[in-house]
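First residue of the sequence shown? That's 212 in our numbering, and the numbers climb one at a time after it. All C-beta atoms in this analysis are idealised placements derived from N, C-alpha and C, irrespective of residue type, glycine included. Since we're looking at a predicted model, the values are computed, not measured.
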Amino acid sequence: MQKIVFFFYFIRFFVCYFFLFPDLFCFCFYRLRSFLVVTAETGGGGGDLGGEVGEKKTSASLPLRRMIHLHHAVRLRLLAQRVSAAGVISPSNCGMSLHALRQLGACNVHDRELLKRIDEVYRQADLRSRANMFHCLACCVREQCSVYKGLPEALPPLITSMQESILGDVDELSPTECILVMEGVVKVTPYRCATTHLAAILRNRSTALVAIVSNPVELIGIARIAVEAMQEAQPHSTETDGGQGEEYRLRLGWSRELREISETIESRLDSFGKQDLLTLVDAITLRVTPEVEKTTGTGEDRLRKLGEWPSRDVPEECRSLLLRVLSSTRQRLTVLSPSQLSAWLLRVVHLHQQHHPIFMSIVQRLGEQHVRSSMSASQLSRCIDSLGETILICHEENFLSLTDLQFVSSVVTKLLETLVHILEKDGGSSEDCSAYLVPAMLSLSEEVVAGNVEILHPLMERFFLILYRHFGKLAPRERADVVTAVFLWGLLNKKPEHQQERQRDAGALKMNGNDVCSPDAWCKVVLNNMDSYSTLDALQIMNEVTSAVYAEEAGACAYSPLLVRPMLLRLHERLQGSIGKLDGVPSSHLTRYLTSISKLGLRRKADYYCVLKILQGRELTDFESLRVLGVVARHHLRAVPLITETVRCIPSRAASLHPKQKCLVLKYLGQVRAQRFVQVPHHPSLAFGAFLTREEVVKEISVLSAMFAFVGLVELRQYENQTIVCLLQGPLSRHDEFFDIHSATSLSEFIAALCRVDRRLVPTKMIQAVLNVVTSRLATSRSFFVDMTDISFWLRLVRERSSLGAEVAAMDRQGESEKEGAEYMTAVSNYVSVAAAIAKTRLMDISGSDDLKTNTFLFNQMAIGYRLGVSLPPEAEERLSCHLDTKHLPQLLSDPRQVINAVTVARQIRHLNPTVAKEVFHFVERNVGSLGAQEALLLGVEMTESLSDAGESKDQVVEMMHKLHALAKQSLNDARRLKKLSVQEVALGALYGVVERPVSSTSR
């Protein structure tokens, strides 16, 4: 037992200096190992170290000889466990013993026996020991107990009795003891255990103490107490444990005292050493979490990283002191060690003081090679993290000049290279990857992707090679982050200028025979660890890799989808297998997932509906709704609640969406047939100036966005909306920019929309220019039948534009020159001939395919060919007609235009396959009420042409066509339906005798 007492006496000196000089303690505490070995070796054969602690077998049952063979940290803890035994702690050693226990993590405030021993010796101790014990116990309470859970039953009475004992001798407290007690009172205040009288006395003494003490450490202690007293812990969650994870808010009080303390310290700042200044900043820093966390952008990694950064600030009373400290430190930067530079950078960034000159001075020091080479991996990683955070925020707040920002980016790259070099030299480990490389990667990821931080390809290869070697030992969350960065950073984009260098270093850049720059290698490691990923991990990889591989911008993607697609499909299967877990996934992840499977081109609608069902039950942001609406439009999904909600929210989204997003809303609403939910021919919420303003149309949208808006408005039948006129006279008048659009689908849809609008509004040269561009795009298009869907439906309007509404044109403008009309017809003829040749080739390939199965999509493909004038060999046409699926014709009702496509095919094959023709006509007759005004118009036109070709024939098919023709005319005799047709559409109906009323001279 005497050895144990001697042990605590021995560490008393070191703990005392730890309280006053924290840096010195690190060295002193390390020397305890040697002392413990000596103590154990002189302990002989194993006397008992004390009585039993409860009924548990502890170090008392271990002979001291056996303890010699234990790790030194274990020996220390086994010795410390004995202090709750009676007689181990005495009044003469109680203060330092308790502090030693705290440093060893053995001062457990839930240990009733320990609290009993403390209570026994406390009243017998001298005042200094009592102050030390109270301070130590208060610190342990704050560290181990939540302020929102009850304290152990024996603790509040003990804390209260301690304070009452000190209160009796409060006038005899020395300045150092007074500081200890003050801090202890502040620590226990949130637990409602502070003695009010003692707290008031000590608070009144605080300013007087500052005038008395001269030691910087004591001054810092007083400032720390005052600042901590201004904060009150708030619950972070109902399960918060201890101080970690708690939030803080400022409370009233201590303002006057803190201001006086700050002013006094500021006047004595010249006596502070380099480390003192650093400690002072920590002392006056508040742990205050703002009500609204400020974040920028939508990147998921960036949001997660910003959320992990603690918010830091100083009280307003200490603002002047902080600026003086920063200025004083800046003058001493040349004598600061690399570790101190790293510490200062971390604090400057946390306090958002990057605008202060000290920030760039620190960055300049970090730019020096000898400084970086002297830093540890931990310091380098923290510096990269801090500078990455700065670059991220600077692009929003602009507190650095462009030159300074570029310099910061270059220093970040140098720091990263030094970090990689250190880890390469030491061999690196999975722990190093988790502690240093992954945090650095996350902090830089957004800026590397945005091009604000440039990391050369050789450095990138070395960086990811270390991660690749230890990939299997990383946590699943870290694996997902690494794979995401590999694709987004462009590691796998092997640039030609790097090939020779890569060939020289081929051995160094390979691991287990796999090239670190090989997409196949990274896909394999993802697949090998598939079962370890959580739902969120799998979603992150799926979403980020898909966005990189299937980039929308032309030329942005250098990856081969053929290599990556199998991995993405496996991830998709993995997610579909755990579909029940998607209910707990944030909406932002699910909307991106919906977009990802759309980019993969998956056709199984059940995969979309399972995600859509979850999202439709949630309140989505405007951007999330836009994403979901785009997928619904692209894949013709049924989502009536989403469509109606989008139409209802048009007025509010007019203010929240960017002009480009507004154009997409119009496009998507047109594709999902939202015309059922808007007023025709003019919806108030879509009026010019209410949704899209003149300034937005003229100045802020591109030609492609203008095309989307124009097509959307026409599909929504907003013929009287002046936005159409503004678009035609604004961005769409720049005909030369049509060549920058590579999508044949968008161009073809645009032509169809132009020909549906009143011909007085659309210059013929505009349509001709688009026709010339789209003709060249068709040859390289990989989705020919999709490209031709809309324009083939309205091909009669395109071909007969010059003859439709001639009397209207004569009244409104000068007639077109014969040359202009001839050029237009030539452009149409070229377009049709090119499209017809492609259609014939595709249809012949389909007819000759051994994998051809019965399907309904064949109606659309054959209808496009027939409208283009394609003539197929009889055997090919017969084989195609035999594979038309008439059992699932109701599927065509999801898009009534497909019903008209089936009618087009049926009338063409009525002699070749009358059975199919009859089934189609019967189906249309039963469902003619499901057709819209435009579909009824085209049905009447198709039947007019068919009856003209049939002549006087009286067979059953012809009779059915007569009936359909009559139904179409009857449908269009309704004034409400006629109102839904444009001027050009009415003119087309009048030309074919479907619409009996003459064309109105007013624009619809």
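Check this for me: beta carbons of Ser913 and Pro942, under 8 angstroms apart or not?
As a working note, residue 913 is residue 702 in the sequence shown. As a working note, residue 942 is residue 731 in the sequence shown. In this structure, Pro942 lies closer than 8 angstroms to Ser913 by Cβ.
In the DSSP output, what is Leu1095 paired with across the bridge?
For the purposes of this step, residue 1095 is taken as residue 884 along the sequence shown, with counting starting at 1. Leu1095 pairs with Asn1066.
Exposed unless 16 or more other CB atoms sit within 10 angstroms - verdict on Val428
To locate residue 428, count along the sequence shown from 1; it is residue 217. Counting Cβ neighbours within 10 Å, Val428 comes out buried, since at least 16 surround it.
Supposed contact pair Ser798 and Leu831 - C-beta distance, whole angstroms, cut 8 angstroms
Position 620 of the sequence shown, counted from the start, is the residue given in the question as residue 831. Position 587 of the sequence shown, counted from the start, is the residue given in the question as residue 798. Right, their Cβ atoms sit about 6 angstroms apart.
Using three-state DSSP, classify Leu939 as helix, strand or coil.
In the sequence shown, residue 939 corresponds to position 728, counting from 1. It is helical.
Leu880 versus Gly923: straight-line alpha-carbon distance, rounded:
Taking the first residue of the sequence shown as 1, we reach residue 880 at position 669. Taking the first residue of the sequence shown as 1, we reach residue 923 at position 712. Answer to the nearest angstrom: the Cα atoms are 7 angstroms apart.
Distance CB(Leu703)-CB(Val693) smaller than 8 angstroms:
In the sequence shown, the residue the question calls residue 703 occupies position 492. In the sequence shown, the residue the question calls residue 693 occupies position 482. No, they are not a contact pair.
Does the distance from the CB of Leu938 to the CB of Val908 come in under 8 angstroms?
Walking along the sequence shown from the start, residue 938 turns up at place 727. Walking along the sequence shown from the start, residue 908 turns up at place 697. Cβ atoms of Leu938 and Val908: closer than 8 angstroms.
Gln564 versus Leu537, Leu1079 and Arg576, residue with shortest Cα-Cα distance
As a position in the sequence shown, residue 564 is number 353, starting the count at 1. Selected option, being the one with the closest Cα: Leu537.
Rounded to whole angstroms, what's the CA-CA distance from Ala917 to Val1206? Just pull it up for me.
As a first step, residue 917 must be located in the sequence shown, where it is residue number 706. As a first step, residue 1206 must be located in the sequence shown, where it is residue number 995. Each residue's Cα considered, the two are about 32 angstroms apart.
Going by beta carbon distance, what residues of the same chain come within less than 7 angstroms of Met741, once the five residues before and after it are set aside?
Position 530 of the sequence shown, counted from the first residue, corresponds to residue 741. Arg781 and Arg785.
Can you tell which of Asp947, Ile1057, Arg1010 and Gly1059 has its C-alpha closest to the C-alpha of Asn1041?
By 1-based counting over the sequence shown, the position of residue 1041 is 830. The candidate whose alpha carbon is nearest that of Asn1041 is Arg1010.
Report the three-state DSSP secondary structure of Leu1104 (helix, strand or coil).
Taking the sequence shown and counting its residues from 1, one reaches residue 1104 at position 893. In this structure, Leu1104 counts as helix in the three-state DSSP scheme.
Would you kindly work out how many angstroms separate the C-alpha atoms of Glu931 and Pro892, rounded to a whole number?
As a working note, residue 931 is residue 720 in the sequence shown. As a working note, residue 892 is residue 681 in the sequence shown. Near 6 angstroms, if we compare the C-alpha coordinates of Pro892 and Glu931.
State the DSSP-derived secondary structure class of Asp1166, mapped to helix, strand or coil.
The residue labelled residue 1166 in the question sits at position 955 within the sequence shown. Asp1166: coil per DSSP, three-state reduction.
What does a CB cutoff of less than 6 angstroms around Arg988 pick up in its chain, not counting 5 residues either side in sequence?
Taking the first residue of the sequence shown as position 1, residue 988 is located at position 777. Around Arg988: Ala955.
Entirely within the segment 817-896 and at least 4 residues each: give me those alpha helix (DSSP H) ranges in chain order.
833-845, 851-859, 861-867 and 870-882
Alpha carbon to alpha carbon, how far is Asp1056 from Asp1062? Give it in angstroms, no decimals.
The residue you call residue 1062 lines up with position 851 of the sequence shown. The residue you call residue 1056 lines up with position 845 of the sequence shown. Distance between the alpha carbons of Asp1062 and Asp1056: 11 angstroms.
What are the start and end residues of the alpha helix (DSSP H) that includes Lys1037?
If you number the sequence shown from 1, residue 1037 lands on position 826. For the record, residue 1037 in the displayed sequence is Thr; it is not Lys. Counting along the chain, the alpha helix (DSSP H) containing Thr1037 begins and ends at Glu1029 to Ser1058.
May I have a chain-ordered list of the beta strand (DSSP E) segments no shorter than 3 residues that lie completely inside the segment 290-367?
none
Proximity to Leu611 [Cα-Cα], best of His567, Val622, Lys636 and Ala588:
Taking the first residue of the sequence shown as position 1, residue 611 is located at position 400. Comparing Cα-Cα distances from Leu611 to each of His567, Val622, Lys636 and Ala588, the minimum goes to His567.
Do Ala1038 and Leu982 have their CB atoms nearer than 8 angstroms?
The residue labelled residue 1038 in the question sits at position 827 within the sequence shown. The residue labelled residue 982 in the question sits at position 771 within the sequence shown. Yes. Within cutoff.
Are the beta-carbon atoms belonging to Leu326 and Ile377 less than 8 angstroms from one another?
To locate residue 326, count along the sequence shown from 1; it is residue 115. To locate residue 377, count along the sequence shown from 1; it is residue 166. Taking 8 angstroms as the Cβ cut-off, Leu326 and Ile377 do not qualify as a contacting pair.
Can you tell me whether DSSP reads Gln442 as helix, strand or coil?
Here residue 442 refers to the residue found at position 231 of the sequence shown. Reduced to three states, the DSSP call for Gln442 is strand.
Environment of Lys360 [buried if 16+ CB atoms lie within 10 Å]:
Along the sequence shown, one-based indexing puts residue 360 at 149. Counting Cβ neighbours within 10 Å, Lys360 comes out exposed, since fewer than 16 surround it.
By the 10 Å Cβ neighbour count, where 16 or more other Cβ atoms means buried, how is Lys1191 classified, buried or exposed?
If you number the sequence shown from 1, residue 1191 lands on position 980. Lys1191 is buried by the Cβ-count criterion.
Under three-state DSSP, which class holds Leu497?
For the purposes of this step, residue 497 is taken as residue 286 along the sequence shown, with counting starting at 1. In this structure, Leu497 counts as strand in the three-state DSSP scheme.
Among the residues of its own chain, which have a CB less than 7 angstroms from the CB of Ala1046, if the five just before and after it don't count?
Within the sequence shown, residue 1046 is the residue found at index 835, counting from 1. Answer for Ala1046: Leu989, Met999 and Leu1079, listed in chain order.
Would you report the Cα separation of Val358 and Cys404, rounded to the nearest angstrom?
One-based indexing of the sequence shown puts residue 358 at position 147. One-based indexing of the sequence shown puts residue 404 at position 193. Each residue's Cα considered, the two are about 11 angstroms apart.
Using only CA atoms, which one of Ile1075, Lys1180 and Arg470 lies nearest to Arg1108?
Within the sequence shown, numbered from 1, the residue matching residue 1108 stands at position 897. For Arg1108, the nearest C-alpha among the options comes from Ile1075.
If we call anything under 8 angstroms between Cβ atoms a contact, is Arg543 one with Lys636?
Position 332 of the sequence shown, counted from the first residue, corresponds to residue 543. Position 425 of the sequence shown, counted from the first residue, corresponds to residue 636. In this structure, Lys636 does not lie closer than 8 angstroms to Arg543 by Cβ.
Whole-angstrom distance between Leu915 and Gln890, CA atom to CA atom
If you number the sequence shown from 1, residue 890 lands on position 679. If you number the sequence shown from 1, residue 915 lands on position 704. If you take the alpha carbons of Gln890 and Leu915, they lie about 26 angstroms apart.
Taking the C-alpha atoms as reference points, what is the distance between Val1019 and Met1073?
Counting from one through the sequence shown, the residue named residue 1019 turns up at place 808. Counting from one through the sequence shown, the residue named residue 1073 turns up at place 862. Model confidence at Val1019 stands at a pLDDT of 48, short of 50, so the residue's coordinates are unreliable and nothing is read from them.
How many angstroms separate the CA atom of Val997 from the CA atom of Thr986?
Start at 1 with the first residue of the sequence shown, and residue 997 comes out as number 786. Start at 1 with the first residue of the sequence shown, and residue 986 comes out as number 775. Between Val997 and Thr986, the C-alpha separation is close to 15 angstroms.
Whole angstroms is fine: what's the gap from His581's alpha carbon to Ile472's?
Position 370 of the sequence shown, counting from 1, holds the residue named residue 581. Position 261 of the sequence shown, counting from 1, holds the residue named residue 472. C-alpha separation (whole angstroms): 39 angstroms.
For Glu658, count neighbouring C-beta atoms within 10 Å of its own C-beta (all shown protein chains included) and say buried if the count is 16 or more, exposed if not.
Taking the first residue of the sequence shown as position 1, residue 658 is located at position 447. So Glu658 ends up on the buried side.
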